[in-house]
Structure formats: C-alpha cells, structure tokens
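Quick note: the sequence shown uses UniProt numbering, first residue 1, plus one each step.
Heads up, the beta-carbon is just placed ideally off N, CA and C, and yes, glycines get one too.
Here the structure is a predicted model, which means the values were calculated and not measured.
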Amino acid sequence: MGRCGRVGWKRKHKRVNRQIRHQKHLLEKKEKDGHNLVHGFAVDPLIIDIYDSDDGKDDDDDDDDDDDDDDNDKDNDDDDDDDDDDGDDDDDDDDDDDHEVHAARPHKGQIKVAHRMRGLLHSDTYSSEVSESHRFCNRVQDAYTLRCCPQVHGVVTDTLDFVRGILTTELNSATDNPMVFADMGEIVSGGNFHGEYPAKALDFLAIAIHELASMSERRIERLVNPALSELPAFLTAEGGLNSGFMIAHCTAASLVVVVVVVVVVVELVVLVVVKIALVVVLITIIIIIEVVVVVVVAAAVVVVVVVVVVVVVVVVVVVVVVVEILLENLFSTQYFPAATLHSHSFSVYWTD
Numbered sequence: 001m002g003r004c005g006r007v008g009w010k011r012k013h014k015r016v017n018r019q020i021r022h023q024k025h026l027l028e029k030k031e032k033d034g035h036n037l038v039h040g041f042a043v044d045p046l047i048i049d050i051y052d053s054d055d056g057k058d059d060d061d062d063d064d065d066d067d068d069d070d071d072n073d074k075d076n077d078d079d080d081d082d083d084d085d086d087g088d089d090d091d092d093d094d095d096d097d098d099h100e101v102h103a104a105r106p107h108k109g110q111i112k113v114a115h116r117m118r119g120l121l122h123s124d125t126y127s128s129e130v131s132e133s134h135r136f137c138n139r140v141q142d143a144y145t146l147r148c149c150p151q152v153h154g155v156v157t158d159t160l161d162f163v164r165g166i167l168t169t170e171l172n173s174a175t176d177n178p179m180v181f182a183d184m185g186e187i188v189s190g191g192n193f194h195g196e197y198p199a200k201a202l203d204f205l206a207i208a209i210h211e212l213a214s215m216s217e218r219r220i221e222r223l224v225n226p227a228l229s230e231l232p233a234f235l236t237a238e239g240g241l242n243s244g245f246m247i248a249h250c251t252a253a254s255l256v257v258v259v260v261v262v263v264v265v266v267e268l269v270v271l272v273v274v275k276i277a278l279v280v281v282l283i284t285i286i287i288i289i290e291v292v293v294v295v296v297v298a299a300a301v302v303v304v305v306v307v308v309v310v311v312v313v314v315v316v317v318v319v320v321v322v323v324e325i326l327l328e329n330l331f332s333t334q335y336f337p338a339a340t341l342h343s344h345s346f347s348v349y350w351t352d
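Structure representation (structure tokens):
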C-alpha cells in the first residue's frame, strides 16, 4: 500500500484507509453527518485520499516498467515517427539518465525518478545492457516515451505530492458550517464547507494519471511492435492463434482514445454552447436596441404631433381674436353712428 493521508485518532496519527478497514466504528453516524453526507463535505476528500493512496505505488511501478522497456527497446527516433525529436542530442554522454542532465533542471520529481531509474539500470543486483549497447553505436536517441520518462514521471510525482498535501490538510480540517468554538463559546458562520480544494486536487490528480497512462500505453505499443522492439509480435513466440499481449495493448489504447474522445466531445459541446449563448446574447441585444429605437421614434412622433397641435390651436385662437377685434372696430359707432355693435353677441340693433 502506498502513502496516503493521515488523521488524528485518539491522540495518534494513523493512515486513513487503515482506520476505515480495521476500525469500522469510525464511520458511525453522529450529529450533522447526514448533512455532510448529502453535501459531500467529508466524503469527497476521504474517497479521493483512498484513491490517491495507491497512486504512489503505481507511479513507482511505472518507472520499473519503463526500465523494462529500456532493456528491450534500443532504437533511434527514426524508427518511430510518432516519437520523433529535433535531433539535438548527438553525444553519447548526453544520456537523459546522466546525473548532470537532471541536476541542470533540478525538479524534485524529475531527480527522484531519474535516481530510481539509475539505481535499477546500473546497480550490481540488476544488470542492464542498455548503457553498453549504446556506448559504441549510432542509435543514441531513444523515443520520447523512454528518454523523457524522468521529466514526465517527475511532474506526475510532484503532482501526487501536491495533491497528497492538500488532501492530508483537508482530512485533518474542520469543514462544518457554522463552526462551533466551544473554548471561546462562539458560533461563527464561515465558508469552510466549500469543496474547491479537494475538487481542484482531484482535477490535478486526473491530469497527472492521464499523462502517466498515456506514456505507459505508448511503451506497451513499443514492446508488442516487432519493428521497434525486435521481439516477437505481441510478445508471443507462436503467433496466429495466439494473440499474446495484443488485447492488453488494445485495451490500453482504447482507454486513451476514450479519454481523448470524451475531451474532444466536451470541448465541442462547450464550443457549441458558447456560440449559441453568444448568438442568443447578440439577438437579445439587437431586439433591445430595436425596441429602444422604436420607443424613441414613437415618443418623438408623439412630441412632434403634440407640438403641431398646440401650435395650430394657438394660431387659431390668435386668428379668432384678431378677427373679433377687426369686426368690433368695423362696426363701431364711428362708422355707423346710428347703430351700436355688441361684439359679444354679434347682434346689431337700431336706436332712435
């Protein structure tokens, strides 16, 4: 069993998975456990930690598998177009397993994996023909899946350490809400219930394991491919009816393809959704602009009509008043002394 998070239990620090398997009373339901189970405050990091506890061992095993591949695969990049490189390592002394190469790029995980590989390839108890076979030959550049193993496996190791640190802190944290501080006699509402830390840790873990699996699948292909490994096809001496490790490689390749297809489908769905959302937003904006323009134009027309009506009314009133004044002056006694004009009644009567 690999390393995993540790929790405090009865003043002792014990591994989480061991506690769960041997002390089932740890899972007895207490107050608010139903709420935690529904929201996954405590269950998510616990499950992730149990899952993560096996990854450290798997990563080391992957390094061992890479060393086994090195013993059977001693080819140049020209033998595999998928693993072609730029051809800048032309010196036999520039082997990526050399200590100085990794010291020049001292990532913790890279150095750890390189040290492990050197110990397996050059120890007294594990003899290897890789170094000797490359000493006086022209095939000095192995494929990326072999030569870049310390770099790729190294960042996976660093990622696992990062995830393990987050989950260890999460498992030993209080994620309840509200928080009850009995010593201070206070109850405080906070945000410790949010699952962003374990969620992001799980995302990082998935990315790391995917990279590790992808590299492993390529190394499996190199082992079962006689053109690259110079071994019998699918590692079986009697082909034809015997498929050897063909199904194992097909399974690994299909898993990688499934992951790629899922990622592509998700990206396409997101792209389509984003485009549809943009179109909807643009149409909505255009409709809003059109409505605003129509309202503004209608309001302007109403204002113009009102102004015209007011002007017409004023003009009519002025004309009426002017005409009335003129008529009054016209029928005044100055011009008709025998008659009196009553302007308000517009009636004329004679007086003696």
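Separation of residue j from residue i, as counted between CA atoms
i, j, result
"Val293", "Val320", "40 Å"
"Leu231", "Gly239", "12 Å"
"Leu241", "Lys112", "43 Å"
"Glu324", "Val310", "21 Å"
"Ser229", "Asp142", "12 Å"
"Ile287", "Val265", "32 Å"
"Ala174", "Phe193", "8 Å"
"residue 356", "Ala253", "Residue 356 lies beyond the stretch modelled for the chain, which goes from 1 to 352, so this question has no answer here."
"Val306", "Val269", "55 Å"
"Ile207", "Arg105", "22 Å"
"Lys74", "Ala277", "For Lys74, the predicted structure reports a pLDDT of 45, less than 50, and the residue's modelled location is therefore unreliable. A value from the coordinates is still provided. Near 53 Å, if we compare the C-alpha coordinates of Ala277 and Lys74."
"Thr168", "Val156", "18 Å"
"Ala199", "Leu160", "14 Å"
"Leu327", "Val318", "14 Å"
"Asp77", "Thr145", "Note that Asp77 scores a pLDDT of 39, beneath 50, so its modelled location is shaky; the value from the coordinates is reported in the next line. Approximately 11 Å between the Cα atoms of the pair."
Residue i CB to nearest heavy atom of the ligand ADP below 7 Å
i, result
"Glu324", "The ligand content of the structure shown is nil, which means the ligand ADP is not present either."
Counterpart residues of residue i in DSSP-defined beta bridges
i, result
"Met179", "Val188"
Cβ neighbours of residue i in the same chain (closer than 6 Å, five flanking residues each side left out)
i, result
"Gln151", "Gln110"
"Ile166", "Tyr197 and Ala201"
"Val256", "Ser214 and Glu217"
"Gly154", "His107, Gly109, Gln110 and Val113"
Element boundaries [alpha helix (DSSP H), containing residue i]
i, result
"Thr159", "Cys149 to Leu171"
"Asn225", "Neither: Asn225 is in no alpha helix (DSSP H) and is coded neither H nor E."
"Gly119", "Lys108 to Leu121"
"His102", "His99 to Ala103"
"His194", "It is not in any alpha helix (DSSP H) - His194 carries neither H nor E in the DSSP assignment."
"Ala248", "Met246 to Leu330"
Contact set for residue i: own chain, Cβ-Cβ below 7 Å, skip 5 residues either direction
i, result
"Arg246", "A small correction: the amino acid at residue 246 is Met; Arg does not occupy that position in the sequence shown. These residues qualify, in order along the chain: Val224 and Phe234."
"Phe162", "Phe204"
Neighbourhood of residue i by C-beta, 8 Å cutoff - its chain only, sequence neighbours within 5 removed
i, result
"His210", "Val259"
"Pro178", "Ile187, Val188, Ser189 and Gly190"
"Thr236", "Asn242, Ser243, Gly244 and Phe245"
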